[in-house]
Amino acid sequence: MWATNLKIVGVVLGTLALYTLIANKIPQVQSEVPQALTLGANVTPEQLVAAGEKVFNGIGGCTTCHGLGTRAPNLLTDERGTGPIGVRCAKREPGKSCKQYLYESLADPTAYVVSGYQPIMPVMTRQLSPEQVWAAIAYLEAQGGTVDVTGDDIAKAKQAAGPATAAGGGATPAGGPGLAGGSTDPKQIIQAAGCLACHKLEGQGQVIAPDLTHVGSRRDADAIRRKILDPASSITQGYEKLAGIMPKTFGSMMSASQLEALVEYLAGHK
Amino acid sequence: MSDVLLLVQAAADTTHAYRDFPLIGARAAVWIAAEVHLMFAAFVLGVPMFAVVTEAIGIFGGDERYDRLSKEFTRLLLVAYSATAIWGAILVFFLATLYPRFWAYLTAVFGTSMWVYASLFFVESFTLYLYYYGWDRWKKGRAKLWHWTLGILLNVWGTIVMFIANSWLTYMMTPPRDITPTTDPTTIKLWHAIANATWMPINVHRLIANVVFGGAIVGAYASYRFLASRTAEERAHYDWMGYVGNFIAISALIVLPFAGYWLGREIYQYDQSMGITMMGGFMSWLWVIQAFLIAVLFLTGNYYLWVGMERIPGAERFRPYTKWLLVVLVLGAIVWGTPHTMIADSKELAAMGGSHHPFLGALGVMSAKNTAVNLMILTTFLSFLMYRRANRRPVVPWADTGTRIQGAMFLVAAGIVLFYGIRGYFVEAIVRIGYSVYQVLAVLSCILFVTVIDILMARGAQSLGAIQWGKMPPRSQYALFILAVTFTWLMGLMGFARSGIRQYWHVWQVVEDTSKYAATPALGYAARMISLCVLIFLSLVAFVFWLGGLAEKSTFVSQGEARHVGH
C-alpha cells in the first residue's frame with residue numbers, strides 16, 4: 003500500500019508541478035499598482051505631460067483599446083488623415099476647445115462618438131483621479147498640439163465632490179444634487195443625461211436609437227416613465243437588436259421631480 | 047454627509063486600514079484561507095446533490111447499491127462540513143484583522159445577510175446530522191421518503207447559503223452603478239447590493255461547477271479506495287463508484303461553458319474595460335492555460351473510458367475507433383490552445399463592445415475556438431456511447447437503421463460545426479458571433495436525439511457479458527486522480543480570474559485597495575499560490591477520507607449485486 007500511496011502522491015505533485023511550470027513559462031504580466039499623482043497648483047506642462055504618459059500607458063488602461071488598430075481611434079498617430087489627437091481635438095465639436103473636447107471624451111465618452119466606432123469607451127473620471135485625468139489630457143494635447151492644461155484645472159476638478167458618476171461627468175455643475183445640478187428643465191436633463199448620444203429629438207442628436215420627436219404618439223406618460231426607469235421593460239419594435247443598450251441607470255440619476263418633468267415633456271411630443 | 051465620510055475614510059486610510067501577516071503577507075493569507083474554504087464549500091455543496099440523486103435512484107429504482115453509495119457520500123460530508131466551517135472562520139478572522147476597513151465596509155452593507163448566513167449554516171449542519179445518523183433508522187417505506195426529503199432540504203439550505211455568499215463577492219466585482227466612493231455604505235439597500243449584475247450568473251455557474259467538482263472528488267475517493275482494496279468485491283464497488291463520479295463530472299462539465307458565457311456577457315455589459323482586461327488585457331494568457339487544462343480534462347476523461355472498455359466483454363468491437371477519437375481530441379486541443387485565437391481580434395472586440403449584440407457578444411470572444419471545442423464535446427460523447435454500447439447487441443428489428451441514423455446525426459452535427467467554423471472566416475464579425483449558437487445547438491441536439499435513439503434501441507438488448515467491475519488496470523485510477531487535481535486547479539485559476547479582474551479595487555470603482563498588495567500578480571505567482579491551495583486542500587481531503595475509513599467499514603457490495611449489466 004505504501005508504494006501505491008507514494009505513486010498517488012507522485013501523480014498529484016507531478017500534475018501540480020506541470021501546471022505551475024507552464025504558468026511560469028508564459029509571459030508574466032502584472033497589473034499595475036495605481037500611482038497617486040500629486041500635482042500642485044504650479045505644475046509645469048512638462049510635468050503634466052510626463053505624468054500623463056504614465057497614465058496613458060499604465061493605470062489608465064488606454065492602450066488596451068487605443069493603439070490596436072480598429073478597436074478605437076489612434077491617438078498618438080494619424081487617424082484617417084486627420085492627424086494625431088492633439089491636432090484634431092479642436093475640430094471635433096464646434097464650439098468646443100481642444101481641452102474641453104478631450105475632457106468630455108474622458109468624462110462623458112458617449113456624448114460624442116467618433117464615427118466608425120462603437121460607444122465602448124468607459125467613463126474615465128470614474129476610475130481616474132482628477133490629477134490623472136488632466137495629466138492624460140495634457141499628454142494627448144502634446145500629441146501635435148499645445149498643452150494648455152494648468153494646475154487650476156486640477157484644482158477645479160477636485161472641488162467637484164468626488165469622482166463624477168456615469169453620464170453626469172463633466173457636464174454636471176460641481177457637486178449639485180442629481181443631474182444637471184438638480185434642474186427640472188427637461189432640455190437640460192436630456193442634455194446632462196446624454197439621451198441625445200443615441201436618440202434624435204427635434205432634429206438634434208444621433209440616430210442610433212428611435213427618434214423621440216413623436217414619442218408621445220407611440221407611448222403615454224406611463225410607458226415613457228417605465229421605459230426610462232427600466233429600459234428592458236418594453237423594447238421598441240424594430241430595435242430588438244439594440245435592446246439592452248439604453249442605460250439602466252437613469253432612474254437612480256434623476257430626482258423624482260426631474261423624472262416627472264422629463265416624462266411630461268416627452269409625452270407632450272406627439 | 048459625504049464630506050464627513052470622505053474625511054473619515056481618509057483618516058481610516060492612514061491608520062488602521064490594513065495590517066500585515068507574518069512571512070507570507072496579508073494577501074497570501076487571505077488568498078489561501080478564501081480558496082481552501084471555497085474548495086471545501088464546493089465539495090460540501092456538490093456532494094449532497096449526488097447523495098440525494100443516488101438515494102432517489104436507490105429508492106425508485108430498487109437498486110440497493112445506490113443507497114449505500116449515497117450513504118457513503120454523506121459520511122464524507124460530516125468531516126468536510128467542519129473543515130468548511132473552520133476555514134470560513136479563519137477567512138473571516140483574517141479579513142477582519144488584516145483588512146479591517148474593507149471588512150467594516152462589507153459588514154456595513156451586508157451585515158444582515160451575514161447573520162442569516164451564519165444561522166442557515168447552523169440549520170444546514172443540523173439537517174446533515176439528521177440525514178446521516180437517521181439513515182438506518184428511516185430506511186423503509188414512508189420514513190425513507192422523509193429521509194430523502196431531508197436530503198433535499200440539505201441541498202436547499204446549501205444553495206441559499208451559497209447564493210448569499212455569492213452576493214458579497216459579486217458585489218465586489220459589479221456593484222450597482224449608482225453606488226460611488228462617496229456613497230455611505232449604511233444607506234445602501236441590501237437587496238439592491240445583492241441583486242447586482244453578476245450575482246445570478248455566478249450562482250448558476252457555481253452550482254454547476256460544484257456538481258463537476260463533487261463528481262471529481264468522489265471519483266478520486268473511489269479510486270483511492272479501489273487501489274487500497276483487498277478483495278475483488280470491494281474493488282468492483284469502488285470501480286463502479288469511480289465511474290459514476292467521473293460520469294457526473296464530465297456531463298456537468300459540458301454545460302459549464304454556457305454559464306461561463308453568460309457571466310462573461312454580464313461582465314462586458316457592466317463594464318467594457320473590465321471585460322477587456324479579462325479577455326484581452328493582462329489576463330489574456332490565463333485563457334491559454336485554461337484551454338490547456340480543459341484539454342487535459344477531455345483527454346484524461348476519454349482515456350479513462352477507453353481503458354474502462356477493456357473490462358467490458360464485446361468492447362473489442364469498438365477499440366479500433368479510439369485512435370481516431372484520440373486524433374480528433376488532440377487536434378482540437380491544439381487548435382483551442384493556440385494563443386492568437388484566444389485574444390479576440392479588434393473587429394470582434396468592436397462587435398462585442400458594440401452593445402449591438404449583447405448576448406452573442408460574449409460568445410464571440412471564444413467563437414474562433416468554438417469549432418474545436420464543439421468537436422471535442424462530440425468526440426467525448428461518442429466515447430460514452432461506445433462505452434454504453436460495448437456489451438450489448440441490440441435486438442430491435444430496426445437496430446441497423448437506428449445505428450445508421452445515429453451515425454448520420456453525428457456527421458450532420460460535425461458538418462454543421464465545421465461549416466459554420468469555416469464560413470465564419472468569410473463573414474463579418476457580428477454574423478460570425480451568431481454562428482457559435484448554431485454550432486452549440488447542433489451539438490446539443492445531436493447529443494439529445496442520439497441518446498433517445500440509444501435508449502430505445504437498448505430495449506431488451508442481448509448482453510455480451512456483464513461489465514467486469516473491478517477488472518480495471520490501476521493506471522485508469524491514476525487518471526481519475528489527474529482529473530480531480532485538474533478540476534481543483536482549474537477552480538483556483540478561475541477564482542483568480544474572477545477576483546483578479548477587479549485589479550486594485552476591493553469593490554470595483556467604489557472601494558480602492560490602497561494596501562501594498564494592491565497590484566494584481568502575474569500568472570506565475572498566481573499559479574504557485576493555486577498549487578499551494580490545491581495541495582493544502584487535497585491533503586486535508588485525504589485526511590478526511592482516511593478518517594472516513596477509520597470510522598466505518600467500507601460499503602462494498604456482495605458478488606450478486608455487482609454482476610449487473612449497465613452502469
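Protein sequences appear in the order of chains A and B. Using our numbering, read the first sequence as starting at 3 and increasing by one per residue. Using our numbering, read the second sequence as starting at 47 and increasing by one per residue. Each residue gets a CB set at the ideal place from its N, CA and C atoms; glycine is no exception. From a predicted model like this one, the values you see are computed outputs, not experimental measurements.
- For residue 4 (chain A), the enclosing alpha helix (DSSP H) starts and ends at 4-27.
- Straight across, the Cα-Cα distance linking residue 213 (chain A) with residue 104 (chain A) is about 28 Å.
- With a cut-off of 8 Å on Cβ pairs, the region 583-593 of chain B is in contact with the region 77-91 of chain B, counting three or more such pairs.
- If the five residues before and after residue 211 (chain A) are omitted, its C-beta is found closer than 6 Å to the C-beta atoms of 200, 201, all from its own chain and listed in chain order.
- Considering only beta carbons, the part of the region 216-243 of chain B lying closer than 7 Å to chain A consists of 223, 224, 226, 227, 228, in chain order.
- Neighbours of residue 255 (chain B) across chain A, judged by C-beta separation under 9 Å, do not exist; the nearest C-beta is about 18 Å away.
- Chain B has a Cβ within less than 9 Å of the Cβ of residue 18 (chain A).
- Taking the CA atoms as reference points, residue 116 (chain A) sits about 15 Å from residue 109 (chain A).
- At a cut-off of 9 Å between beta-carbon atoms, residue 94 (chain A) makes no contact with chain B.
- For residue 553 (chain B), the uninterrupted beta strand (DSSP E) run begins and ends at 551-553, by DSSP.
- The C-beta distance from residue 420 (chain B) to residue 463 (chain B) rounds to 5 Å, short enough to meet the 8 Å contact threshold.
- Of the candidates B:259, B:109, B:180, B:259 places its Cα closest to the Cα of residue 302 (chain B).
- Residue ranges of uninterrupted beta strand (DSSP E) with 3 or more members are absent from the region 517-550 of chain B; none lies entirely inside it.
- Looking at the DSSP output, residue 203 (chain A) sits in a beta bridge with A:206.
- When only Cα atoms are considered, residue 186 (chain A) and residue 195 (chain A) end up about 12 Å apart.
- Residue environment for residue 516 (chain B): buried (at least 16 other C-beta atoms within 10 angstroms of its C-beta).
- DSSP places residue 120 (chain A) in the coil class of the three-state scheme, outside both helix and strand.
- About 5 Å separates the CB atoms of residue 200 (chain B) and residue 173 (chain B); that is less than 8 Å, so the two are in contact.
- Distance from the CA of residue 272 (chain B) to the CA of residue 520 (chain B), rounded to the nearest whole angstrom, comes to 9 Å.
- By the beta-carbon neighbour count (other beta carbons within 10 angstroms, threshold 16), residue 70 (chain B) is exposed.
- Distances from the alpha-carbon of residue 510 (chain B) to those of B:440, B:569, B:562 put B:440 closest.
- Nearest in C-alpha terms to residue 226 (chain A), of all of A:244, A:272, A:159, is A:272.
- The Cβ of residue 251 (chain A) sits closer than 9 Å to at least one Cβ of chain B.
- Residue 30 (chain A) carries a coil assignment under DSSP once its states are collapsed to helix, strand and coil.
- With distances taken between CA atoms, residue 136 (chain B) lies nearest to B:79 out of B:548, B:455, B:238, B:79.
- Residues 569 of the same chain have their beta carbon placed closer than 7 Å to that of residue 331 (chain B), with the five preceding and five following residues left out of the count.
- Restricting attention to alpha helix (DSSP H) runs no shorter than 4 residues, the region 205-251 of chain B encloses them at 236-240, ordered along the chain.
- In the DSSP annotation of this structure, the continuous segment of the alpha helix (DSSP H) that includes residue 350 (chain B) starts and ends at 330-354.
- Assigned with DSSP and collapsed to three states, residue 183 (chain B) falls in coil, not helix or strand.
- If you check the CB distance, residue 536 (chain B) and residue 336 (chain B) come in under 9 Å.
- If you look at residue 189 (chain A), you'll find it in the alpha helix (DSSP H) that goes 188-195.
- Interface criterion met: the Cβ of residue 25 (chain A) is under 9 Å from a Cβ in chain B.
- Within chain A, the residues 10, 13, 14, 17 have their CB atoms less than 9 Å from the CB of residue 527 (chain B), given in chain order.
- At a beta-carbon threshold of 8 Å, the residues of chain A lying near residue 335 (chain B) are 21, 24, 25, 28, ordered along the chain.
- Residue 532 (chain B) belongs to the set of residues whose beta carbon lies under 9 Å from a beta carbon in chain A.
- Look at residue 129 (chain A): its C-beta is under 9 Å from a C-beta on chain B.
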